[in-house]
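In what follows, a structure is listed as structure tokens, so that the remarks can point back to it.
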Amino acid sequence: MSEKKPSVWEGFKAFLMRGNVVDLAVAVVIGAAFTNIVNAVVKGIINPLVGAIGTKNLDHYSSCLSSSCEGQQGITILWGSVLGATLSFVITAAVVYFLMVLPMAKYLARVEARRKAKEGTREVLEVTELEVLKEIRDALVAQRGSGHREP
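Each residue of the sequence shown is one higher than the last, beginning at 67 in our numbering.
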């Protein structure tokens, strides 16, 4: 007997319905929205703070490696752009860690502690029930033993 192979459409639907695909899609959407927030923080807070000691636009910070950097001539290193991108990354990582990862880790730790406490309680109950059953057995054996000895 031949087994029916799933169609391409059914396979695609199964792929889309996996938890990982949905999680990744949500992460991409949240990440895109979050990028706007980080960019606003960098432009509205970080750049003015840096601007207090220099220019407000980090892209203007650069160094020239050759003797002359006028126009297209010379080798210019735009380290201000790298600094701005690095600050954006650090801010993004900090916000994600402190607002998402850390609270979720604490939540999962509490859930795990509750689960372990329930298991510990369940084990104590099982041990207690086992002890009670042993006591009942011993009492029944004692009753039978005393009943057999007496005529």
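Note that the Cβ used here is the ideal one computed from N, Cα and C, for glycine as well.
Asked, Found
"Own chain partners of L153 with C-beta closer than 7 Å, once the 5 adjacent residues on each side are dropped", "V108, I112"
"Buried/exposed call for V167, threshold 16 Cβ in 10 Å", "exposed"
"Spatial distance of A91 from A151 (CA atoms)", "24 Å"
"Contact set for L149: own chain, Cβ-Cβ below 6 Å, skip 5 residues either direction", "L124"
"Status (buried if at least 16 other CB within 10 Å, exposed otherwise) for V88", "exposed"
"8 Å Cβ shell around S132 - same chain, five flanking residues per side excluded", "Q139, G140, I141"
"Rounded C-alpha distance that separates L174 from T187", "20 Å"
"Contact under 8 Å by Cβ, G110 with H126", "no"
"Nearest candidate by alpha-carbon position, reference C236, set A171, L144, F100, E185", "Nothing can be reported for residue 236, as the shown portion of the chain is limited to 67 through 217."
"Residue environment, V177, which counts as buried when at least 16 other CB atoms sit within 10 Å", "exposed"
"S133 in three-state terms, based on DSSP", "coil"
"Coil, strand or helix - R215 by DSSP", "Legend: pLDDT at R215 = 49, less than 50; position of this residue unreliable, no value from coordinates given."
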